[in-house]
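Visitor: First the structure, which I've put down as structure tokens, then a few questions once you've had a look.
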């Protein structure tokens, strides 16, 4: 699913965000990427979604080498990835249904297909009964579930979750992690980037640890020990 070879990214001469990173994430895996602030986690995500360009190395996602991806190809790449962030990024003046359907409308899908898919995704995240509410009428956990539903409308094989529970309390955190596990069990590869030690240790899965731009640990059934 994801192959990364000798990946490096610098910001100026003195900031080495990533240094010779090599990783292979297989289809269907649930992988946690952890590390202290400044370890390179966010930079790695920005490179995966082609928000930034790497300085050297290669990234291949689902057989597509994106090392030299052209600007006009980036929307196609991002439709193949589901991405969720800490801050939800919902449109405040659109309903739950409209927030989730927006990405499909922008791609020109038929209204009947949009309705069917959006309802499926809202059912998956447990929000079909709140489809007509606006973001301000939802809890933080519910807003994040809307964001997850939106990320799944193109039925991606890979879901990247960048600190998805950073703004949530422990109860909502548990619900979001359980939802990510459910999505993974349905066949989607999940890459979770987080600093939450309790979340990572409860998953008992593969843990990749970054420190100062290097991969210092890659363990099955690992723990967040930093």
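Numbering (our numbering), first residue to last: -18 to 207.
Beta carbons: idealized from backbone N, C-alpha and C, even for Gly.
Residues in the same chain with beta-carbon distance under 6 Å from residue 126, minus the five sequence neighbours each way, listed in chain order, please.
Guide: Indexing the chain shown from 1 puts residue 126 at position 145. Answer for residue 126: 106, 108, listed in chain order.
Visitor: Unbroken alpha helix (DSSP H) runs of length 4 or more, entirely within the region 158 to 195: which are they?
Guide: DSSP runs (the alpha helix (DSSP H)) wholly in the region 158 to 195: 178 to 184.
Visitor: Return helix, strand or coil for residue 25, following the three-state DSSP convention.
Guide: As a first step, residue 25 is located in the chain shown; it is residue number 44 there, counting from the start. If DSSP states are grouped into helix, strand and coil, residue 25 belongs with the helices.
Visitor: Contact between the region 74 to 92 and the region 144 to 152: three or more CB pairs below 8 Å?
Guide: No, the region 74 to 92 is not in contact with the region 144 to 152.
Visitor: Among the candidates 8, -3, -2, 58, whose CA atom is the shortest distance from the CA of residue 132?
Guide: The residue labelled residue 132 in the question sits at position 151 within the chain shown. Checking every option, the nearest Cα to that of residue 132 belongs to 58.
Visitor: So, residue 25 versus residue -1, is the Cβ gap smaller than 9 Å?
Guide: Here residue 25 corresponds to residue number 44 of the chain shown, with the count starting at 1. Here residue -1 corresponds to residue number 18 of the chain shown, with the count starting at 1. Yes, the Cβ-Cβ distance between residue 25 and residue -1 is below 9 Å.
Visitor: Taking the alpha-carbon of residue -10 as reference, which of 6, 16, 23 has the nearest alpha-carbon?
Guide: The sequence position of residue -10 within the chain shown is 9, counting from 1. Measuring from the Cα of residue -10, the nearest candidate turns out to be 23.
Visitor: Let's see if you can read the secondary structure: which residues bound the beta strand (DSSP E) around residue 81?
Guide: The residue you call residue 81 lines up with position 100 of the chain shown. Counting along the chain, residue 81 falls outside any beta strand (DSSP E), though it belongs to the alpha helix (DSSP H) covering 77 to 87.
Visitor: Suppose only complete runs of 3+ residues qualify. What are the beta strand (DSSP E) ranges in the region 82 to 132, listed by chain order?
Guide: Counting only runs of 3 or more, we get nothing.
Visitor: Here's a check: name, in chain order, each residue in its chain whose Cβ is nearer than 6 Å to the Cβ of residue 55, leaving out the five neighbours to either side.
Guide: Sequence index remark: in the chain shown, residue 55 carries index 74 (1-based). Closer than 6 Å at the Cβ level, and outside the excluded window around residue 55, lie 31.
Visitor: So residue 84 and residue 134 are supposed to be a Cβ contact under 8 Å. How far apart are they, rounded?
Guide: The residue given as residue 84 occupies position 103 in the chain shown. The residue given as residue 134 occupies position 153 in the chain shown. 6 Å between Cβ atoms; contact.
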